[in-house]
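Read the structure below first, then the notes.
Numbering (this note's numbering), first residue to last: 248 to 684.
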């Protein structure tokens, strides 16, 4: 069991990390090194030997290995990212980088995404040092840069250029899982991440004949692009159930006493309607998606430009990338070219594994009335890059949250915050799981 000092430290570490501004604005505009040095110093105090690694100056990653008691066991990767998305201070109730602790809540950018998990990992390891605890299997601890952009300076760099640091790792845990989801009827659900949709950020380019804005022009790049974007935005993607999502729907249907034939895909939307608020855990992952997000064309109102560009945030389920590509070919049509601006694989993890069962048991020990269910993340994490090393990733950053606390809305949102009691729960569950994982 985690000691009282670990419970105090997780709060302090979360607040301290929030106060270190690691805003990632994209395009390389970020400095994670101060946070990396903070984490490395805390790891070193436990007797570990953390290494700091950079592809780009200031974009620092930290990796350390905790030796387990069973040398024959596969190692496990435990990772969290140090960067955060931007925050506009004028929009917040408190300064987003204050790390203020008020009324039992820690406020600031990164409180849920994901400096809270970073702090939990550090608090658990330091508690083990005090108590003389060692895990069953080797644990590789990684704090990464650049997750909120391309991961090229973070997990991508580590996976491609330092694979030796992850030798023996077959599974990993990180953000977005084992948090409380209140369904509005008194039930507490705890979704554990066992999959991620693939990332397909697209650049669309339309070319036409430049000319005077007052002349008829049937080869207008803006018109071509606008038509393609409208088709993409209006497209109804078909239902595709992956094993993880099918397992989630099966468990949810049983929990709510709903008869559902998941072999009939036409019943899925009806099942989602019957699930009520709980449908939010799966409705974004029963289909692929493509949402137009950026447009750029022209330089003067009376000049028809020769080129117009748009960007689309595309996501595809495991096993559907070929279908995703073919659909985009059809939707963009002959007048618009498209390419991947950024691409990463979709992931899937087994929900019948020993590791998944141990995660479930750890949550249920400290939330005995909770219902653990698997789920697929609609977005992506560093697990995508680490999958290049053959590491199966799960989302497991436990938090017990009060009713009315909209955890998912606070990801990248205003007034991001985390209750102190949620951090204490996370430390206890993480400690329980990692001892025997």
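Heads up, the beta-carbon is just placed ideally off N, CA and C, and yes, glycines get one too.
Since this is a predicted model, take the numbers as computed values, not measurements.
| Query | Result |
| --- | --- |
| Per DSSP, residue 448 forms a beta bridge with which residues? | 560 and 589 |
| Would you list the one or two residues that DSSP bridges to residue 328? | 391 |
| Using 8 Å as the threshold, is the C-beta distance between residue 390 and residue 329 below it? | yes |
| Would residue 367 be called buried (16 or more neighbouring beta carbons within 10 Å of its own) or exposed? | buried |
| Going by C-alpha to C-alpha distance, which of 318, 527 and 557 sits closest to residue 213? | The structure shown has nothing for residue 213, since the chain only spans 248 to 684. |
| Of the choices 669, 283, 334 and 327, whose alpha-carbon is the least far from that of residue 648? | 669 |
| Give me, in chain order, the residues of the same chain whose beta-carbon lies closer than 7 Å to that of residue 291; leave out the 5 immediate sequence neighbours on both sides. | 297 |
| How many Å lie between residue 305 and residue 644 at the Cα? | 27 Å |
| Let me check one thing: in DSSP terms, what residues is residue 543 bridge-paired to? | 556 |
| Looking at the secondary structure, which residues open and close the alpha helix (DSSP H) in which residue 522 lies? | 515–522 |
| Using 8 Å as the Cβ pair cut-off and three pairs as the minimum, do the stretch 425–444 and the stretch 620–639 touch? | yes |
| Taking only runs that begin and end inside the stretch 256–331, name each unbroken alpha helix (DSSP H) of 4 or more residues, in chain order. | 280–291 |
| In the structure shown, what three-state DSSP assignment does residue 248 receive? | coil |
| Tell me, please, which residues DSSP counts as bridged to residue 416. | 322 |
| Where residue 675 and residue 293 are concerned, what is the direct C-alpha to C-alpha distance, given to the nearest angstrom? | 19 Å |
| Please give me, in chain order, every unbroken run of the beta strand (DSSP E) with length at least 3 that falls completely inside the stretch 613–653. | 618–624 and 639–642 |
| For the alpha helix (DSSP H) that contains residue 682, what are its first and last residues? | 667–683 |
| Could you tell me the alpha carbon to alpha carbon distance between residue 608 and residue 422, rounded to whole angstroms? | 18 Å |
| In whole angstroms, what is the alpha-carbon distance linking residue 543 and residue 555? | 6 Å |
| Helix, strand or coil: which one does DSSP assign to residue 439? | strand |
| Starting from residue 375, trace the alpha helix (DSSP H) both ways and give me its first and last residue. | 362–378 |
| Please name the residue or residues paired with residue 335 in a DSSP beta bridge. | Answer by DSSP bridge pairing: none, since residue 335 is not bridged. |
| Taking C-alpha atoms, which residue in 277, 360, 399 and 545 lies nearest to residue 646? | 360 |
| Report the CB separation of residue 518 from residue 507 in whole angstroms; it is logged as a contact under 8 Å. | 5 Å |
| Determine the closest residue to residue 471 out of 486, 452 and 409, with distance taken between C-alpha atoms. | 452 |
| Using beta-carbon positions only, say whether residue 385 and residue 477 come within less than 8 Å of one another. | no |
| Would you report the Cα separation of residue 353 and residue 335, rounded to the nearest angstrom? | 18 Å |
| Note down, in chain order, each residue of its chain lying with its Cβ closer than 6 Å to the Cβ of residue 388, except the 5 sequence neighbours on either side. | 311 and 325 |
| Just checking my contact of residue 267 with residue 282 at CB under 8 Å: how many whole Å lie between their CB atoms? | 5 Å |
| Label residue 595 either buried or exposed according to how many other C-beta atoms from any shown protein chain fall within 10 Å of its C-beta, with 16 as the threshold for buried. | buried |
| For residue 434, name the three-state secondary structure that DSSP assigns. | coil |
| Can you name, in chain order, every residue of its own chain whose Cβ lies under 6 Å from the Cβ of residue 586, other than the five neighbours on each side? | 450 |
| Is it buried or exposed, residue 624, if we count other Cβ atoms within 10 angstroms and call 16 or more buried? | buried |
| Give me, in chain order, the residues of the same chain whose beta-carbon lies closer than 6 Å to that of residue 602; leave out the 5 immediate sequence neighbours on both sides. | 418 |
| From the DSSP output, which residues share a beta bridge with residue 655? | Answer is none; residue 655 lacks a bridge partner. |
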